[in-house]
Amino acid sequence: MTAPPIASGRVLPTLNEDGTRNWIRPRPSPGRWWRRRQVVAYALMVLFIALPHIPINGHPAFLMSFPKREFHLLGWTFLPTDTLLFMLFLFSTIIGIFLLTALFGRAWCGWACPQTVYLEFLFRPIERFFEGGYAGSRALDRERKWFTPRRVAKYAVYLVISLVLAHTFLAYFVGVDQLSVWMTRSPWEHPTGFFIMALTTIAVWYNFTYFREQTCLIACPYGRWQSVLLDKASIIVAYDARRGEPRGKAGTTTGDCIDCKACVQTCPTGIDIRNGLQMECVHCTQCIDACDAIMDKIEKPRGLIRYSSQEALAGKPKRLIRTRTVLYPIAFTIALGTMLTLLFTKETADVTVLRGLGAPFREEADGSVANQVRIKVANRGSDDARYQIRIEGVTDGRVVAPENPLRVSAGEMRETSVFVLLPRAAFTEGAREVTVTVTDGDRFTTSVPWRLQGPVGTAPATTPGGTP
Ligand code: SF4
Ligand code: SF4
């Protein structure tokens with residue numbers, strides 16, 4: 002049997018040269034940046050759990066309901082007809098991320114990305130608790146003990162947390178009320194929902210138990226955009242090589258870096274920040290805290306690793322005004338401003354008038370011509386409303402409306418049909434112009450010109466027997 006090929010060097014921080022997994026167990030560095038990130042992380046976790054439970058204008062603060070085709074966000078309701086609004090929202094989000102990255106590097110990754118937040122502030126602390134800290138985890142790795150009682154207990158706790166996260170995630174798409182119903186009923190009554198929940202639980206558990214930092218290193222596209230989104234004036238977490246080099250044991254060299262490797266041991270993606278800006282760096286600041294603690298011990302100034310820019314580290318002046326820091330805010334302001342203007346000037350309801358399904362009109366036995374007019378009303382307001390429907394311009398005929406006024410709950414959309422019956426003679430060249438008016442009485446009124454369809458020409462003569 003031939004030996005497996007050996008790589009000539011480390012290809013990925015998570016991969017050993019013989020292709021086996023290099024498990025990264027970062028040594029905790031509880032410094033000032035860690036404490037700040039901790040506050041942000043736990044606030045974000047609380048927000049994630051709470052958002053589907055907070056009602057604003059009668060709907061959850063966030064609900065993207067695919068069955069109802071509605072998106073509720075902080076009291077606003079987006080319907081399928083709001084494509085332009087949604088596009089503007091997406092565009093301003095993307096430009097906002099570009100701007101944030103150009104100014105502050107991968108601040109999102111280090112401070113707010115759910116992958117970092119949950120891995121570093123929930124799953125890894127639990128791991129250290131069960132496995133006897135950083136040293137305990139590394140000892141178990143060395144001995145290749147994957148299923149000791151402590152590790153199995155950790156996996157079980159991870160599974161419980163994954164279940165909670167998966168249920169919360171599902172609440173963003175079905176709402177907490179529906180989720181509560183599902184949770185108290187047999188899975189056979191809602192197999193699709195159960196399947197999605199089970200799949201999400203497995204995905205979350207697998208990600209945080211096994212895949213971990215590989216999500217950032219090989220799966221997330223954002224890190225790969227870094228080279229185009231950053232420039233040399235962007236703020237990044239960086240090692241000051243001019244101050245640190247030449248590195249060496251304390252007292253043996255002139256550089257401040259004593260080559261203790263504390264910054265490497267604490268890095269959650271397993272890299273050495275001293276090698277310069279790298280795609281794998283999520284700007285988590287842990288190496289700043291680790292190095293600051295070392296600098297304190299050897300009585301050197303803090304900040305050998307710090308927030309800085311490549312230009313500043315090279316001794317060049319700081320530049321806030323650059324092409325991208327001018328163009329991105331302009332594009333962002335235009336997109337967000339247009340979206341907010343459209344949002345705040347939008348009517349409290351949307352009305353869509355459609356023809357009936359099937360034949361455009363029907364000739365009744367009494368000689369009249371019937372048109373079915375379908376009317377969809379979307380109530381964007383925060384209160385339930387009753388919409389009166391009028392067909393104007395049919396004094397020579399009659400209107401049959403099975404449900405008038407039409408009651409529509411806040412944030413909901415409903416459809417009704419109205420039947421207009423007119424004598425055949427009321428049509429000219431097979432058409433009759435009318436107006437469809439929908440009003441809730443005070444806040445909303447709209448009138449839609451509408452063309453009814455009818456037969457062309459006079460009625461065919463009938464025989465005494467009643468047949469043409
Ligand atoms: S922690 Fe600081 S001193 Fe230690 S190796 Fe890293 S950069 Fe050098
Ligand atoms: S190099 Fe520093 S900032 Fe970058 S991921 Fe590692 S510890 Fe975090």
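Using our numbering, read the sequence shown as starting at 2 and increasing by one per residue.
We put the CB at the ideal spot given by N, CA and C, even for glycine.
{"Check": "List the endpoints of the continuous alpha helix (DSSP H) containing I237.", "Outcome": "From DSSP, I237 is part of no alpha helix (DSSP H) but of the beta strand (DSSP E) over 237-240."}
{"Check": "I need the DSSP call for K298, collapsed to helix, strand or coil.", "Outcome": "helix"}
{"Check": "Excluding the 5 residues preceding and the 5 following L160 in the sequence, name in chain order all residues of the same chain whose CB lies nearer than 8 Å to its CB.", "Outcome": "T202, W206"}
{"Check": "Check whether the segment 59-68 touches the segment 140-150, taking contact to mean three or more Cβ pairs, one atom from each stretch, closer than 8 Å.", "Outcome": "no"}
{"Check": "Tell me which residue opens and which closes the alpha helix (DSSP H) that Q279 is part of.", "Outcome": "Careful: Q279 lies outside any alpha helix (DSSP H) and carries neither H nor E."}
{"Check": "Excluding five sequence neighbours on each side, which residues of the same chain lie with their C-beta closer than 8 Å to the C-beta of T464?", "Outcome": "Because T464 sits at a pLDDT of 43, beneath the cut-off of 50, its placement in the model cannot be relied upon, and the following sentence gives the value as read from the coordinates. None."}
{"Check": "Hey, quick one: how far does the alpha helix (DSSP H) through E434 stretch, first residue to last?", "Outcome": "E434 -> not in any alpha helix (DSSP H); beta strand (DSSP E) instead, spanning 432-440."}
{"Check": "Can the beta-carbon of Q227 be found closer than 8 Å to that of R415?", "Outcome": "no"}
{"Check": "Would S369 pass as a contact of L407 if the rule is Cβ separation under 8 Å?", "Outcome": "no"}
{"Check": "Below 8 Å on the Cβ atoms is my contact criterion, and I expect W183 with G194 to pass it. Report the Cβ-Cβ distance as a whole number of Å.", "Outcome": "5 Å"}
{"Check": "Going by C-alpha distance, which of L166, F170, R125, Y173 is nearest R152?", "Outcome": "R125"}
{"Check": "Run the proximity test for I25: is its beta-carbon closer than 7 Å to any non-hydrogen atom belonging to ligand 2?", "Outcome": "no"}
{"Check": "My output table needs one value for I162: the three-state DSSP class, helix, strand or coil.", "Outcome": "helix"}
{"Check": "Let's test the definition: count the other Cβ atoms within 10 Å of the Cβ of A51 and tell me whether it reaches 16, buried, or not, exposed.", "Outcome": "exposed"}
{"Check": "For ligand 2, is there any heavy atom lying closer than 7 Å to the beta carbon of Q287?", "Outcome": "yes"}
{"Check": "Run the proximity test for H73: is its beta-carbon closer than 7 Å to any non-hydrogen atom belonging to ligand 2?", "Outcome": "no"}
{"Check": "For the alpha helix (DSSP H) that contains T447, what are its first and last residues?", "Outcome": "No alpha helix (DSSP H) holds T447; the beta strand (DSSP E) holding it covers 446-454."}
{"Check": "What is the rounded straight-line gap between the Cα of E434 and the Cα of V395?", "Outcome": "9 Å"}
{"Check": "Please confirm if G133 has its CB atom under 8 Å from at least one CB of chain C.", "Outcome": "No chain C appears in this structure, which consists of one protein chain only."}
{"Check": "Relative to the alpha-carbon of L74, which residue among T82, T267, I57 has its alpha-carbon at the smallest distance?", "Outcome": "I57"}
{"Check": "Of the choices T216, F105, G32, whose alpha-carbon is the least far from that of Y119?", "Outcome": "T216"}
{"Check": "Based on Cα-Cα distance, which residue from D297, R38, S310 lies nearest to W1?", "Outcome": "The requested residue 1 is not part of the displayed model; the chain covers only 2 to 469."}
{"Check": "I'd like to know if the segment 395-404 and the segment 89-107 are in contact, where contact means that at least 3 CB-CB pairs between them fall below 8 Å.", "Outcome": "no"}
{"Check": "What would DSSP say about N17, mapped onto helix, strand or coil?", "Outcome": "coil"}
{"Check": "If you draw a straight line from the alpha carbon of P150 to that of I25, how long is it in whole angstroms?", "Outcome": "21 Å"}
{"Check": "Within this structure, are the beta carbons of C285 and P269 separated by less than 8 Å?", "Outcome": "yes"}
{"Check": "Run the CB neighbour count on S93, radius 10 Å, all protein chains shown included, and call it buried at 16 or more, exposed below.", "Outcome": "buried"}
{"Check": "Within a Cβ cutoff of 6 Å, which residues of the same chain sit near Q389, ignoring the five residues on either side of it in sequence?", "Outcome": "P406, T440"}
{"Check": "Please report the distance separating the alpha-carbon of R452 from that of A432.", "Outcome": "6 Å"}
{"Check": "Taking Cβ positions, are A291 and T254 nearer each other than 8 Å?", "Outcome": "no"}
{"Check": "For E71 and G412, which I take to be in contact (beta-carbon distance under 8 Å), what is that distance rounded to the nearest angstrom?", "Outcome": "7 Å"}
{"Check": "So, helix, strand or coil for V457, using DSSP?", "Outcome": "coil"}
{"Check": "So D273 and V265 are in contact, right, with Cβ under 8 Å, and what is the actual spacing, rounded?", "Outcome": "5 Å"}
{"Check": "So E214 is in the beta strand (DSSP E); what residue range does that whole segment cover?", "Outcome": "It is not in any beta strand (DSSP E) - E214 carries neither H nor E in the DSSP assignment."}
{"Check": "Whose CA, out of V238, G442, V352, A427, lies closest to the CA of Q287?", "Outcome": "V238"}
{"Check": "Can you check DSSP and say which residues form a bridge with V374?", "Outcome": "R356, V419"}
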